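In our numbering, the protein residues as written are 1 to 322.
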């Protein structure tokens, strides 16, 4: 909580100072430097350091837009403490509109990384060593992969009371218990003792206005709860109580063919409710997809065609209020 100079990537940022620091890790084939801008805003008053990250997957635009809006609207300028904003962590993937690094590695499966490993591993290593230890809290922004649309949700580890309280403050429509995946950014945060909220919403290569608004509002609520939100910004009002998804399952395609989804994401469905049809291109097959249980639909596959075994819906099997 002390408000001393922040030493980051060889630079010293004083209390009350604004600074953009370039995290430079590699070059393109043309020898052009690839730099990741890190926007740092410090208040004169002491307080926690909050790290905002997006674009770990280069095709996940909603998270980039959330952090961009916070910066553009100056909500990242705290009245106490420090906000470190990284709108695009995987700048390589963003340039190519692709999920992974040029070496095919998933940055979010490369943490904490190694100094002499793959390109993704090296970026993860230096980020973990030089940036992450400065944070007291982290909020990381993602979307559903490929054509899978995620309902706005915060993912936390079950049994972590501090994260559950932060999730209540963020107030996404859904809070989902989700175990940490080995070598993920979230698992590295847990090992370093940095509380992290992972926000998911929408799908790849799409900017969704409501998903973005929910993310921006959630960050503002968290900053306000930490005494960091500037007084000129009105804390977004609390809406209806969110839903806590304690357990869930995937509904998978039992046939290959054209997928016709009949319900919207976020919907509370009943067992046996009609969710979708799968047809063949020739008009001879029509297979109904029915809900296997009562639950909330928190992910919908928007792909027009699917193979047998593809995940097409994510449905809760145990849920309560938060």
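Glycine included, C-beta positions come from ideal geometry on N, C-alpha and C. These numbers come from a predicted model, not from an experiment.
Could you name the residues that DSSP lists as bridge partners for residue 286? For this step, residue 286 is matched to residue 286 along the chain shown. Answer is 279, bridged to residue 286.
Please state the DSSP three-state secondary structure of residue 93. The count along the chain shown starts at 1 and reaches residue 93 at position 93. Of the three classes helix, strand and coil, the one that applies to residue 93 here is helix, per DSSP.
Let me check understanding here. Comparing Cα to Cα, which of 89, 275 and 150 lies closest to residue 176? For the purposes of this step, residue 176 is taken as residue 176 along the chain shown, with counting starting at 1. Residue 176 has its Cα closest to that of 150, out of 89, 275 and 150.
Is residue 70 helix, strand or coil by DSSP? As a first step, residue 70 is located in the chain shown; it is residue number 70 there, counting from the start. Three-state DSSP puts residue 70 in a helix.
Helix, strand or coil: how does DSSP classify residue 88 here? Residue numbering aside, residue 88 sits at position 88 when the chain shown is read from its first letter. Residue 88: coil per DSSP, three-state reduction.
Backbone secondary structure at residue 1 - three-state DSSP: Your numbering for residue 1 matches position 1 in the chain shown. Residue placement at residue 1 is flagged as unreliable, the pLDDT there being 46, under the threshold of 50; a coordinate-derived value is accordingly withheld.
Over what stretch of residues does the beta strand (DSSP E) that includes residue 138 continue unbroken? Position 138 of the chain shown, counted from the first residue, corresponds to residue 138. It spans 137-144 - the beta strand (DSSP E) in which residue 138 sits, taken as one unbroken run.
Cα-Cα, which of 203, 318 and 194 is closest to residue 138? For the purposes of this step, residue 138 is taken as residue 138 along the chain shown, with counting starting at 1. Checking every option, the nearest Cα to that of residue 138 belongs to 194.
Beta strand (DSSP E) segments (min. 3 residues) lying fully within the stretch 189-246: 196-203
At which residue ranges does the stretch 10-54 contain complete beta strand (DSSP E) runs of 3 or more residues, listed in the order of the chain? 11-13, 18-27, 33-42 and 49-54
Does the beta-carbon of residue 274 have 16 or more other beta-carbons within 10 angstroms, so that it is buried, or is it exposed? On the chain shown, position 274 is the one that residue 274 refers to. So residue 274 ends up on the exposed side.
Looking only at its own chain, which residues have a Cβ that is under 6 Å from the Cβ of residue 54, when we skip the five neighbours before and after it? Walking along the chain shown from the start, residue 54 turns up at place 54. So the qualifying residues of the chain are 63, 64, 67, 87 and 141.
Inspect the beta-carbon positions of residue 226 and residue 37 and report whether they are closer than 8 Å. Taking the chain shown and counting its residues from 1, the one referred to as residue 226 is at position 226. Taking the chain shown and counting its residues from 1, the one referred to as residue 37 is at position 37. No, the Cβ-Cβ distance between residue 226 and residue 37 is not below 8 Å.
Range of the contiguous alpha helix (DSSP H) that encloses residue 120: Looking up residue 120 in the chain shown gives position 120. First-last of the alpha helix (DSSP H) with residue 120: 119-130.
Using 8 Å as the cut-off, can you tell me whether the stretch 87-96 makes contact with the stretch 8-20, which would need three or more C-beta pairs spanning the two stretches below that distance? no
Between which two residues does the beta strand (DSSP E) carrying residue 154 extend? Your numbering for residue 154 matches position 154 in the chain shown. Note, residue 154: beta strand (DSSP E), 148-156.
Measuring straight from C-alpha to C-alpha, what distance separates residue 272 and residue 43? The residue you call residue 272 lines up with position 272 of the chain shown. The residue you call residue 43 lines up with position 43 of the chain shown. So the two alpha carbons sit approximately 55 Å from each other.
Beta carbon of residue 264 nearer than 8 Å to that of residue 276: Walking along the chain shown from the start, residue 264 turns up at place 264. Walking along the chain shown from the start, residue 276 turns up at place 276. No; because the gap between Cβ atoms is not below 8 Å, this pair is not in contact.
Rounded to the nearest angstrom, what separates residue 16 and residue 41 at their Cα positions? Numbered from its first residue, the chain shown carries residue 16 at position 16. Numbered from its first residue, the chain shown carries residue 41 at position 41. The straight-line gap from Cα to Cα measures roughly 8 Å.
Should residue 184 go down as buried or exposed, given a rule of 16 or more other Cβ atoms within 10 Å for buried? If you number the chain shown from 1, residue 184 lands on position 184. Residue 184 is buried by the Cβ-count criterion.
Host alpha helix (DSSP H) of residue 167 (start-end): As a working mapping, residue 167 is identified with position 167 in the chain shown. Here the alpha helix (DSSP H) through residue 167 covers 161-170.
Decide yes or no for the touch test of the stretch 219-239 against the stretch 284-294: beta carbon pairs closer than 8 Å, at least 3 of them. no
Looking at residue 171 and residue 221, is the spacing between their C-beta atoms short of 8 Å? If you number the chain shown from 1, residue 221 lands on position 221. If you number the chain shown from 1, residue 171 lands on position 171. The answer is yes: Cβ separation under 8 Å.
Can you pull the DSSP bridge partners for residue 319? Within the chain shown, the letter at position 319 stands for residue 319. DSSP lists 245 as partners of residue 319.
Evaluate residue 80 with the Cβ neighbour count: other Cβ atoms within 10 Å of its Cβ, from every protein chain shown; 16 or more gives buried, anything less gives exposed. Translated into positions along the chain shown, residue 80 becomes position 80. With 16 or more Cβ atoms within 10 Å of its Cβ, residue 80 is classed as buried.
Mind checking residue 1: buried by the 16 CB within 10 Å criterion, or exposed? What you label residue 1 is simply residue 1 of the chain shown in a count that begins at 1. Low local confidence applies: a pLDDT of 46 at residue 1 is under 50, so the model's placement there is unreliable, and no value is given.
If you draw a straight line from the C-alpha of residue 197 to the C-alpha of residue 282, how long is it? Sequence index remark: in the chain shown, residue 197 carries index 197 (1-based). Sequence index remark: in the chain shown, residue 282 carries index 282 (1-based). So the alpha carbons of these two residues sit roughly 46 Å apart.
Is it buried or exposed for residue 203, if we count other Cβ within 10 angstroms and need 16 for buried? Within the chain shown, the letter at position 203 stands for residue 203. So residue 203 ends up on the buried side.
Determine whether the beta carbon atoms of residue 97 and residue 205 lie at a separation below 8 Å. Here the question's residue 97 lines up with position 97 in the chain shown. Here the question's residue 205 lines up with position 205 in the chain shown. Yes.
Determine the closest residue to residue 235 out of 242, 241 and 214, with distance taken between C-alpha atoms. Translated into the one-based positions of the chain shown, residue 235 becomes position 235. It is 214.
When you compare the CB of residue 7 with every CB in chain C, is at least one pair closer than 8 Å? In the structure shown, chain C does not exist; there is a single protein chain.
Coarse secondary structure for residue 299, derived from DSSP in three states: Position 299 of the chain shown, counted from the start, is the residue given in the question as residue 299. In this structure, residue 299 counts as strand in the three-state DSSP scheme.
Same chain, Cβ closer than 6 Å to residue 247, neighbours up to 5 away in sequence not counted: Walking along the chain shown from the start, residue 247 turns up at place 247. Around residue 247: 317 and 318.
Helix, strand or coil for residue 263? Go by DSSP, reduced to three states. In the chain shown, residue 263 corresponds to position 263, counting from 1. Reduced to three states, the DSSP call for residue 263 is coil.
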